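Okay, so here's the structure we're looking at.
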Amino acid sequence: MIYFDNAATTRALDEVADKVKYMLLENYGNPSSQSMMGVRAEREIEDARKVMAKAINAEPEEIYFTSGGTEGDNWAVFGTARGYIRSGKHMITTAIEHPAMLMPMQELKKEGWDITILGVDSEGYINIDELKAAVREDTVLVSTILINNETGTIQNAAEISKAVKSVNPNTLYHVDAVQAFGKYPIDVKKMGIDMLSMSGHKIHGPKGVGIFYMKKGLKVKPVIYGGGHERGQRSGTENAPSIVGLAEAVKIGIEQQDKAKENVIAVKKRLAEGILSEIPKTHINGPSVEEASPYVLNISFNGIRSEVLLHALEEKEIYVSAGSACSSKKKGSSVLSALGLSETRIEGAIRFSFCRYNTVEEADECLKVLKEKVAFLRKYMR
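Note that this note's numbering has the sequence shown beginning at 128, numbered continuously upward.
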């Protein structure tokens, strides 16, 4: 099997599974309980919080455990709306955001909020001058995705924050770091990030767990109420097994980050160069191989529907994606549309996404199968 769909989800590490099993079967106390079992579980969670904070140069008390990136994005939008309603009713985001950001903002729009959605250029980058022009006195939040999940476009978060704060120092800046955390250097202080979302299953951790970073002193409100867990900010019994598993995944990921990048670059470069040179009528969508995230490669195969090619590759146990896993059942890609691509390019787009355990040998085998399948499909899909 060749698994090139790591932007959708990754295989959990054995070490992560061991930690989860330990917490489920041995250290299974409720972290909010005052019993000794509860205290032991709580210690594990607080140790995990320190790991997450260190990974992005934050303080442990600024880290809140969530169910994943979607909850974090929703928290940033609705929590800011509730906490800063007296400061204004205007938010800004971009056309290439994940649905977890765009849909909450659309909900606010129905409630009378003014939402600005910035366009991007042909590679998926926002225009800083347009951003600055969009920020107003009543702008309470700007949110951008750090690494796009479909094209691998990397936004300059530090530059964005500086631009936003230069116009309105009170505007909060949120970053969707789901595809960046553990793979790309993040320093929330140097980058001027007020809030950040991440998800564990993108970095070989468990599904259903993530973090929300929120800078100390913000008036962002909770979106889940109940027993007052997570210092009153995120109620619900802590998912201790997944939290501890996530911390293990992050520790290993940060330790291997530089080495992983080298390996992934080699895999992506091998596959991209092979496709572009040996399969005609193919085009990279988004930035160049060198400029985009090494973990994501989006290529269009003209004359072929991506779903058909995807299933053809599955016959050889090669797994890729036709787009974002969270919107793959919808028609077309809003991200690729925002880049101004033609319907033909969008219809034939395949996303290959890598992890540090993929190999150049897998890239070679994938290319071999692609050449065979693309030639066959083009012959019969006229």
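Glycine included, C-beta positions come from ideal geometry on N, C-alpha and C.
All figures in this text were calculated on a predicted structure; none of them were measured in a lab.
Beta-bridge annotation (DSSP): Arg478 is paired with Asn425 and Ser448. Taking the Cβ atoms as the reference, Tyr191 lies roughly 5 angstroms from Arg361, within the contact range of under 8 angstroms.
Two segments are said to touch when three or more pairs of C-beta atoms, one from each, lie closer than 8 angstroms; by this definition the stretch 183–201 touches the stretch 336–343. Between Leu268 and Met218, the C-beta spacing is below 8 angstroms. Here Asn254 is exposed: its Cβ has fewer than 16 other Cβ atoms, across all protein chains shown, within 10 Å. Around Ala290, the same chain offers Ile255, Leu258 and Lys259 as residues with beta carbons nearer than 7 angstroms, after the five sequence neighbours per side are excluded.
In the DSSP annotation of this structure, Gly319 is not part of any beta strand (DSSP E), being labelled neither H nor E. According to the DSSP assignment, Ser194 belongs to no alpha helix (DSSP H), since it is labelled neither H nor E. For the 8 angstroms CB-CB criterion, Ile473 and Gly459 form a contact.
Here the C-alpha atom of Ser288 lies approximately 41 angstroms from the C-alpha atom of Tyr155. Distance from the Cα of Ile129 is smallest, within the candidate group Leu398, Lys346 and Val262, for Leu398. Judged by DSSP secondary structure, His217 falls within the beta strand (DSSP E) whose first and last residues are His217 to Thr221.
Inter-residue distance for Gly165 and Thr298 is about 39 angstroms (C-alpha atoms, whole angstroms). Using a 10 angstroms sphere on the CB of Met318, the tally of other CB atoms reaches 16 or more, which defines it as buried. For the set Phe428, Ala490, Lys495 and Glu492, the Cα lying nearest the Cα of Leu504 is the one of Phe428.
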